[in-house]
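Reading through the structure tokens given below for one structure.
There are 4 protein chains.
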Amino acid sequence: MPCDFKIKRRVEFSETDMAGIVHFSNFYRYMESAEHAFFRSLGFSIVTRQTDPPVGWPRVHASFDFKQPLRFEDEIEVHLLVAEKKSRSLTYVFKIRKVTEDGAIECATGRMTVVCVTKNADGRMSASPIPAELADLIELAPAELLAG
Amino acid sequence: MPCDFKIKRRVEFSETDMAGIVHFSNFYRYMESAEHAFFRSLGFSIVTRQTDPPVGWPRVHASFDFKQPLRFEDEIEVHLLVAEKKSRSLTYVFKIRKVTEDGAIECATGRMTVVCVTKNADGRMSASPIPAELADLIELAPAELLAG
Amino acid sequence: MPCDFKIKRRVEFSETDMAGIVHFSNFYRYMESAEHAFFRSLGFSIVTRQTDPPVGWPRVHASFDFKQPLRFEDEIEVHLLVAEKKSRSLTYVFKIRKVTEDGAIECATGRMTVVCVTKNADGRMSASPIPAELADLIELAPAELLAG
Amino acid sequence: MPCDFKIKRRVEFSETDMAGIVHFSNFYRYMESAEHAFFRSLGFSIVTRQTDPPVGWPRVHASFDFKQPLRFEDEIEVHLLVAEKKSRSLTYVFKIRKVTEDGAIECATGRMTVVCVTKNADGRMSASPIPAELADLIELAPAELLAG
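Going line by line, the protein sequences match chains A, B, C and D. For what it's worth, our numbering labels the leading residue of the first sequence as 201, then goes sequentially. For what it's worth, our numbering labels the leading residue of the second sequence as 201, then goes sequentially. For what it's worth, our numbering labels the leading residue of the third sequence as 201, then goes sequentially. For what it's worth, our numbering labels the leading residue of the fourth sequence as 201, then goes sequentially.
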């Protein structure tokens, strides 16, 4: 895994609001798109039966600090960095940058913590160790990248 | 059932786009909200095991003709009229009106056809008669209301 | 102003995802709906020319901690509490509760900081004092409510 | 212009609903994404001051017939075909296909009519001829492609 995984996308019209900028709720969709592309880059789908038992990844925390607005047709990068890897949870840091002719401008930084869960016999979810075949592929980002 | 079922709602900021009006994709969400409230008004949930067998309602057609834009904080009515009731499908007509001091202004008219389906033993869906306990409650709107 | 402002809503089908629960991005829309209803309860619209100069409220931070999922047709309350009132910014705390026969279950708690801005002569936004006619109406929630 | 313009995208998790499939309202977003990419392919942005006067493109009709559901991570193509070109309006046909190892499966066909408008001195919009520099680039799809 690259330490600094990223996806690129272009802001869509339906993601804007009457203030002329991307509605803040869509930053959380961008965050999730990067998470799912990150899993694909590891050879997994986030919705998968590739592990035994199958696992799910409910969110327990998600936040963004907003610095600059995004606008229609902006080309953006969503960077995903693994900030914490515990036995049953992961914490990602996200940096959303607008790509311009003069370089990339940081527009928002986010953080999401997800818990690895499996379904019990009674259908309820409970926290469960991250399957080794997946955990082994997930690499912590170096401190300087997280701070940067 | 009242022939002319309606719900009221207020346009939310996140439903607008950079043109300052409700994004057209949200009209289809309004349409669906009226459909589901209509089912509740009959004593059913659209996602239900109240019938034997349980049934689902996939869309086969949905359209809108747009006449006037909707804006943030507009108070709107979504009217639902049953235009066709066949053994395995329903067609609804929707009228979206903006409520103003001078009366209601028609902003869009829509149409949706849904098919009643059940899950087969192999997990696939197939069209199925509308359960009688539900069909008996669904009343066609009179022609003059549909045209109006 | 009531110290503990709240709105009620019912979870819509289009707010769910394939995990069968409300997609986490929609919690931020619920948060915003409560903020805008709060402004209306004070006699203002969040998109307004009622103050001189007109002001806007961009988000600088928004977060949620998720405790329990929400599902289709759940009746929910979104509570808004003013946690901080500074000269140019407000911080709200949100509590999202599912209303059941046995009482309300806390499903998520959130936090949002917004900055009061005005448009400069060159069209750019800059932070600006909250207009007195609005600031005077906004009451801090007592500590025990924020903690509760 | 190619007669059959298309974009590719992958279904995102946030586009699904609790039925496990893409919520039908998102097909209209896919439709719009293709329209805007089509304009970019002609050297224009749909939100533009490239023409004199600047024009906008409000929707007067949008519909879909749904044939097969789309699911998370499906790779899809959205084809745009120009079905009608009038002096003040355009009608597009859309075909949404799922790309599989065995070829593309048609999942939905849609239709959208948009009107070219300009802003009058009083701020209201009115229908206006499509600027020649744009109209000249827009080529009707042949009948066999529209039918296919």
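Using N, Cα and C, we set each Cβ at its ideal position, and we do this for glycine too.
Under the three-state reduction of DSSP, leucine 337 of chain A is assigned to coil, being neither helix nor strand.
In the three-state reduction of the DSSP assignment, glutamate 212 of chain A falls in the coil class, being assigned neither a helical nor a strand state.
Relative to proline 269 of chain C, the option among A/Trp257, A/Ser263, A/Phe264, A/Glu273 whose CA is nearest is A/Trp257.
In terms of Cα proximity to phenylalanine 224 of chain B, the closest of B/Ser233, B/Asp265, B/Val247 is B/Asp265. Glycine 303 of chain A sits exposed, since fewer than 16 C-beta atoms from the chains shown fall within 10 Å of its C-beta. Within the same chain, Cβ atoms closer than 7 Å to the Cβ of threonine 251 of chain D are found at Pro331, Glu333, Leu334, the five residues on either side in sequence being excluded.
Taking a Cβ-Cβ threshold of 7 Å, none of the residues of chain C is close to histidine 279 of chain B; the smallest such distance is about 18 Å. In the DSSP assignment, the residues bridged to valine 315 of chain C are C/Ser289.
DSSP links methionine 325 of chain C through a beta bridge to C/Lys319. The CB of valine 260 of chain B comes closer than 9 Å to the CB of Asp265, Phe266, Lys267 in chain D, given here in chain order.
Secondary structure of histidine 223 of chain D (DSSP, three-state): coil. At least one beta carbon of chain A lies nearer than 8 Å to the beta carbon of phenylalanine 272 of chain D.
C-alpha of serine 328 of chain A to C-alpha of lysine 295 of chain C: approximately 27 Å in a straight line. The C-beta of serine 225 of chain C comes closer than 8 Å to at least one C-beta of chain A. In this structure, the alpha-carbon of alanine 219 of chain C lies about 31 Å from that of glutamate 273 of chain B. Bounds of the beta strand (DSSP E) holding valine 260 of chain C are 259 to 266.
Rounded to the nearest whole angstrom, the C-alpha separation of phenylalanine 205 of chain C and threonine 216 of chain C is 25 Å. Using a CB distance below 8 Å, the part of the stretch 224 to 244 of chain D facing chain B consists of Phe224, Ser225, Asn226, Tyr228, Arg229, Glu232, ordered along the chain. Chain A places a beta carbon closer than 8 Å to that of valine 247 of chain D, counting this residue as a contact.
For phenylalanine 205 of chain B, the nearest beta carbon of chain C is not closer than 8 Å to its own beta carbon. Only residues of its own chain outside the window of five on either side were considered, and among them Gly310, Arg311 have a CB closer than 7 Å to the CB of serine 263 of chain D, listed in chain order. Burial of lysine 298 of chain D is indicated by the presence of at least 16 other C-beta atoms within 10 angstroms of its C-beta. Comparing C-alpha distances from threonine 313 of chain A to each of A/Met325, A/Leu290, A/Asn320 shows the shortest one belongs to A/Leu290. Between the alpha carbons of leucine 340 of chain B and glutamate 284 of chain B lies a distance of about 7 Å.
DSSP, read as helix, strand or coil, puts leucine 280 of chain D in strand. Between alanine 308 of chain A and lysine 267 of chain A, the alpha-carbon positions lie close to 5 Å from each other. DSSP places leucine 270 of chain A outside any alpha helix (DSSP H), giving it a letter other than H or E. Using beta-carbon distances, glutamate 212 of chain C counts as an interface residue toward chain B, with a partner under 8 Å. Look at arginine 249 of chain C here: in three-state DSSP terms it is coil, with no helix or strand label.
Contact annotation: valine 317 of chain C and valine 260 of chain C have beta-carbon atoms that are not nearer than 8 Å. Your pair valine 278 of chain A and methionine 231 of chain A checks out as a contact, with CB atoms roughly 7 Å apart and the cut at 8 Å. Between arginine 229 of chain A and glutamate 275 of chain A, the CB-CB gap reaches or exceeds 8 Å. Distance from the CA atom of arginine 249 of chain B to the CA atom of arginine 249 of chain A, rounded to whole angstroms, is 27 Å. Ranked by how close their Cα comes to the Cα of phenylalanine 213 of chain D, the residues A/Phe239, A/Phe213, A/Val222 have A/Phe239 in first place. Distance from the Cα of proline 253 of chain C is smallest, within the candidate group C/Ile207, C/Asn320, C/Arg271, C/Lys208, for C/Asn320. Taking 8 Å as the upper bound for CB-CB distance, isoleucine 221 of chain B and arginine 271 of chain B are in contact here, some 6 Å apart.
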